[in-house]
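Position 191, counted from 1, in the sequence shown is what my numbering calls 344; the numbers after and before it change by one each time, with no gaps. A virtual CB, placed ideally from N, CA and C, is assigned to each residue, including glycine. Here the structure is a predicted model, which means the values were calculated and not measured.
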Amino acid sequence: MKRTTVAALAAFLLIAATAALSAQERTELVVSCPSGGIGFDPHSAITATEAQIFTAIYEGLFTYDPATLEPVKAAAGAFSRSRDGKVYTFTIAADARWSNGDRLTAAHFRDAWLRMLEPERKADYAAFFDVIAGAKDYRTGKLEDAAKVGIVAKSDSVLEVRLENPAAYFTRLLCHHSFSPVHPSMLALDDWEGVAAAGELPVNGPFAVAAYTEDELRVARNPLYRDAAAVRLDAIRFPFIDEDAEVSRLYNNGEIHWATGNFDYDSLLAKEDVQAHPMFATHYWFFHSDSGPWANADLRRALALLLPWDEIRDEELYGIVAETLVLPFEGYEAPEGIVEADLDEAMALFEKAGYPGGQGLPAIRFMIPDGEDARRIASLMGDAWKELVALEYRVTVVPPARFFEKVKSEDYDISLTSWIGDFADPLAFLQMWVSDSNLNDARWKDAEFDRLIAESNTQDGAKRAATLAKAEALLLGSAAVMPIYHSLAINLVNPEVVDGWFDNVLDIHPFKAMGFGSWRPMPGVASGGASTGPAFELASR
């Protein structure tokens, strides 16, 4: 028996040693994402998946601190600001390079940003640049000379940016991927996915594209990255998986280290690895507000005042029900939205709008993605309107993978979306509703709202916050947008395993900061050296 015990102990120690060694050697992080494709062009990307992946392959002048979300210098090795707060001068880091070896220059930022503003491009995030002098007039076609926009490459290493007005949030805004540089070879190209699939996409981030197919993306450490010594991973692999059960199975097996959304909770072995936290994001429904009866604010509000809001905003279904578009936070007092039905006011508004009792209105057309919750809310809205004012309704259901494309191109009367604030400021939600914003899918226009947003850009502190709240009150009061809930960020990851992953309200997690801890087995599962990845580990700190 003694001999057998010694042999067993030796075998156990060998397995343990092998596991520890392989944990040190395994430096490929595996992150599952929903399918839908990656655009790679930072000027046309719109999804949360793309925003997350871009933290690996692109780097702007500033980036987010992974724990605090405070802006920190990135491709900008240094910067200064004029006394009046309107001129920023950025010095590009001397060791900043593209993955093909070319030097990163100030002109690459200038040309990329001007490309983003090209009127014919109609880039979704172009309005984010309105803080820059001349940018709004250029993107809307009022200014034809790009040289008059306040973006000037003073030399290869110095970029000067002139603002319309001082903007305390400017460096925070620069963290967004739309402010990334673009390599000159890509400026005129449309097929970015093809270039990425061929492994020829020049990027300036900590990782570069190694392989891309319809099933997965793999990026590898970029040896020419300006701060390559600080990068802790050799590679990141992104399999595109839509089946919840399959995501959980792979996570249980240690083949996935982080799932960015969909998974099957019931089959998880380590349920404590589910990370859920409030997010700077809102799910809302909106009217197409540019033509027909739905362009009338009184009519929209009348319809909204007929709805069973307690049922629609079901507290048992949603973690944080939303009565406002902007998630309330310290320093911003959100206005009151529509919170309950009011039949008397609704009928008075119908009369004012020229549709007494709601009579004479055409059938209202819903367009929704296929899903239980969207169907539930559409039925609650449509049934309430049919019962109270005999308004007929029709519902068109679109496959989720094509929904965002349809929202921008199809004809409908009411639809829905979720929006994640791209920087921690109310403007991240309100800027998109100005009349000429390419993100304004509702096509809502209000001159007073536009004026208030412009006025807020000249203000700071509590005065600015109050002006933005007035603008939001116009948006909510006219029922152009009807908030339902503030989102929870749901991730499947152990932050003690994927070291450098932190909860935050934007649900953005820069990959540069990430690495692995030390090995631990899945609960109830014996571990050995043959495991495929360090997904289940004990924190080393």
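Continuous beta strand (DSSP E) stretch holding residue i: start and end
| i | result |
| --- | --- |
| PHE243 | 240-245 |
| TYR404 | Note, TYR404: premise wrong, no beta strand (DSSP E); alpha helix (DSSP H) at 397-405. |
| ILE389 | 388-392 |
| GLY230 | 229-234 |
| GLU181 | 181-185 |
| ILE285 | Per DSSP, ILE285 belongs to no beta strand (DSSP E) and is neither H nor E. |
| LEU659 | Per DSSP, LEU659 belongs to no beta strand (DSSP E) and is neither H nor E. |
Cα-Cα separation between residue i and residue j, rounded to whole angstroms
| i | j | result |
| --- | --- | --- |
| GLY524 | PRO552 | 9 Å |
| ALA341 | ILE473 | 44 Å |
| GLN177 | VAL384 | Because the pLDDT at GLN177 is just 40, under 50, the model does not fix this residue reliably, and the value given afterwards should be weighed accordingly. So the alpha carbons of these two residues sit roughly 15 Å apart. |
| ALA683 | PRO355 | Residue placement at ALA683 cannot be trusted, given a pLDDT of 33 that sits under 50; what the coordinates show is reported in the next sentence. Going from the Cα of ALA683 to the Cα of PRO355 covers about 36 Å. |
| VAL335 | PRO461 | 48 Å |
| ARG179 | TYR241 | Caution applies to ARG179, whose pLDDT of 49 falls short of 50 and renders its modelled position unreliable; the value that the coordinates give is listed next. If you take the alpha carbons of ARG179 and TYR241, they lie about 42 Å apart. |
| GLU649 | ASP426 | 10 Å |
| ILE389 | GLY254 | 21 Å |
| SER333 | GLU212 | 6 Å |
| ALA349 | LEU470 | 40 Å |
| TRP345 | GLY192 | 7 Å |
| LEU296 | GLY287 | 7 Å |
| LEU214 | LYS226 | 6 Å |
| VAL184 | ILE409 | 6 Å |
| GLU527 | ILE465 | For the sequence presented, residue 527 should be read as Ala rather than Glu. Using only the alpha carbons, I get a separation of about 10 Å. |
| ILE573 | VAL479 | 10 Å |
| GLU545 | PRO319 | 50 Å |
| LYS539 | ALA506 | 18 Å |
| PHE602 | ALA577 | 21 Å |
| ASP387 | SER562 | 41 Å |
| GLY535 | GLY490 | 20 Å |
| ASP467 | TYR322 | 35 Å |
| ASN610 | LEU326 | 13 Å |
| ARG617 | ASN375 | 41 Å |
| TRP654 | ASP451 | 47 Å |
| GLY352 | THR366 | 11 Å |
Extent of the continuous alpha helix (DSSP H) run through residue i
| i | result |
| --- | --- |
| GLN205 | 201-210 |
| PRO553 | 553-562 |
| GLU608 | 600-609 |
| TRP345 | 345-350 |
| LYS665 | Looking at the DSSP string, LYS665 is not in any alpha helix (DSSP H), and its letter there is neither H nor E. |
| HIS261 | 259-270 |
| ALA537 | 525-542 |
| GLY614 | 614-630 |
| PHE582 | 580-583 |
| GLU464 | 462-465 |
| ASP451 | 450-457 |
Within 8 Å, strictly: CB atoms of residue i and residue j
| i | j | result |
| --- | --- | --- |
| ASP368 | PRO392 | yes |
| ASN591 | ASP277 | yes |
| ARG402 | SER631 | no |
| TRP438 | SER568 | yes |
| ARG315 | LYS424 | no |
| TRP586 | LEU533 | no |
| THR200 | CYS328 | no |
| GLU625 | ALA487 | yes |
| HIS639 | PRO431 | yes |
| ASP417 | ALA434 | no |
| ASP594 | THR570 | yes |
| ILE285 | VAL305 | no |
| ILE210 | ALA361 | yes |
| ILE637 | ILE530 | yes |
| PRO359 | LYS665 | yes |
Residue(s) in a DSSP beta bridge with residue i
| i | result |
| --- | --- |
| TYR437 | THR570 and PRO636 |
| LEU327 | Looking at the DSSP assignment, LEU327 forms no beta bridge with any residue, so it has no partner. |
| VAL548 | PHE519 |
| ALA412 | SER185 and LEU645 |
| LEU312 | PHE243 and ALA306 |
| PRO224 | TYR217 |
| ALA373 | ALA361 and ALA388 |
| ALA501 | Paired residue(s): none; ALA501 is not in a bridge. |
| ASP443 | Beta-bridge pairing links ASP443 to no other residue. |
| HIS430 | ALA642 |
| ASP652 | GLY668 |
| ILE473 | HIS639 |
Any non-hydrogen atom of the ligand FMN closer than 7 Å to residue i Cβ
| i | result |
| --- | --- |
| GLU601 | Among the ligands in the structure shown, none appear at all, so the ligand FMN cannot be discussed. |
Between the stretch 404-419 and the stretch 641-653, can you find at least three pairs of beta-carbon atoms closer than 8 Å? Touching, per the Cβ criterion.
Would you call the stretch 297-313 in contact with the stretch 241-249, where contact means no fewer than 3 C-beta pairs closer than 8 Å? Yes, the stretch 297-313 is in contact with the stretch 241-249.
Would you check if the stretch 647-663 and the stretch 507-524 touch, i.e. whether three or more CB-CB distances between them fall below 8 Å? Touching, no, given that fewer than three Cβ pairs across the two stretches are closer than 8 Å.
May I ask you to verify whether the stretch 485-501 touches the stretch 435-448, counting CB pairs closer than 8 Å and requiring at least 3? Short answer: they don't touch.
Any 3 or more C-beta pairs closer than 8 Å across the stretch 575-585 and the stretch 541-560: The stretch 575-585 vs the stretch 541-560: no contact.
Using 8 Å as the cut-off, can you tell me whether the stretch 219-229 makes contact with the stretch 265-272, which would need three or more C-beta pairs spanning the two stretches below that distance? Not touching, per the Cβ criterion.
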